[in-house]
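As structure tokens, the structure follows; a few thoughts come after it.
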Amino acid sequence: LHAMPVALIDGKDILVVPTVTGLQFFDFTDVMNPSPVGNIALEGVKGGDYDSAVWMLSWAWPYVYAGGTGSGVYVVDATDPSKPTLVTTIASPELGNFRVGPTYAAGNYLIVANMDQTTTHFSVLDVGVPKSPFLLATTSAQVSLYSMLVVGDRIYGAGTNGDYAFLKWNTTNITSLKSGKSGSDRGGYCTYQSGYTICGQSSEGYKKWDTRDEANPKLVGHGTDPNGAGVDFD
């Protein structure tokens, strides 16, 4: 479970999560009594972790974009979440020829990347016509990112061996702002607020970066579990 986006549909809070076979929608309007709404099985999803799986979801209503590792990106029409339908699958060669993990919808655009590879690949696609998506820009970086976060036109990522990278994207290009290392364990997932990016980093706790000057990010906070061994900050 790498993402569980929510849409407000007809006054109801509808949440979607990946399953071992595809996607499941829930009505979470009454948070103490959630109920299943609908589901869809997706070809190639077989309960894997880094392969044969739905790795991350992004919802730009009515479409759910599901990063499907080696299968590419599934585009699902969830106008009626009780009866979701597959619109198309964007195969790996159509999006830059890499295994897809992180997946973010931004209006009519989709930003995707791979995960846990020596080289990290990024692509921007036009999904203004969801049945006919097409590649706009793609690039790679010599960092092994595990995940990425897209905020506006910025990409923040953390990864293996303390790797991190900050990039920017538009409809024609993806460019690196800064990359480097901090510590040695694998970074997990990042969040962003008011110019600061906070990322989990497995046994090394979490790290808070001041990214207001993106060409010179500064580590300004670091926390760990006071209870010690066995923790895994993602």
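Residue numbering for the sequence shown follows the numbering used here, starting at 91 and increasing by one per position.
Where a beta carbon is used, it is the ideal one built from N, C-alpha and C, also for glycine.
Once the 5 residues before and after Cys289 are set aside, which same chain residues still bring their CB inside 6 Å of it?
These residues qualify, in order along the chain: Ala248, Gly277, Cys280, Lys297.
How many whole angstroms separate the CB atoms of Leu113 and Val144, which I take to be in contact at a CB cut-off of 8 Å?
The pair is a contact, with the Cβ atoms about 7 Å apart (cut-off 8 Å).
Relative to the C-alpha of Ala150, which candidate in Asn198, Asp117, Asn263 has its C-alpha closest?
Measuring from the Cα of Ala150, the nearest candidate turns out to be Asn198.
Rounding to the nearest angstrom, what Cα-Cα distance links Ser213 and Lys102 in this structure?
So the alpha carbons of these two residues sit roughly 33 Å apart.
Could you please give me the residues that DSSP links to Asn129 through a beta bridge?
For Asn129, which the question treats as bridged, DSSP gives the partners Gln114.
DSSP on Thr262, reduced to helix/strand/coil?
It is coil, neither helix nor strand.
Considering Trp145, what are the terminal residues of the beta strand (DSSP E) in which it resides?
Where Trp145 is concerned, there is no enclosing beta strand (DSSP E), given that its DSSP letter is neither H nor E.
Starting from Phe256, follow its DSSP beta bridges and name the residues at the other end.
DSSP, once it has assigned bridges, lists Tyr246, Lys268 as partnering Phe256.
Figure out for me which residue from Val177, Asn187, Val154, Ala168 has the closest Cα to the Cα of Gly160.
Looking at the Cα atoms, Asn187 is the closest of the given residues.
Given this structure, state the Cα-to-Cα distance separating Ala203 from Thr111, to the nearest angstrom.
Spanning the two alpha carbons is a distance of roughly 22 Å.
Under a three-way DSSP split, which group does Ser182 fall into?
DSSP places Ser182 in helix when its eight states are reduced to three.
Spell out the partners DSSP gives Leu235 in its beta bridges.
Answer by DSSP bridge pairing, in chain order: Gly249.
Cα separation between Leu257 and Val163?
One C-alpha to the other measures close to 22 Å.
Look up Ser293 in the DSSP assignment and say whether it is helix, strand or coil.
If DSSP states are grouped into helix, strand and coil, Ser293 belongs with coil.
Between Val166 and Ile130, which are expected to be in contact by the criterion C-beta below 8 Å, what is the C-beta distance as a whole number of angstroms?
Val166 to Ile130, Cβ: 6 Å. Contact.
Compare the C-alpha of Lys271 against each of Leu239, Gln232, Tyr282 and name the closest.
Ranking the options by Cα distance to Lys271, first place goes to Gln232.
In the DSSP assignment, the beta strand (DSSP E) including Phe188 goes from what residue to what residue?
Looking at the DSSP string, Phe188 is not in any beta strand (DSSP E), and its letter there is neither H nor E.
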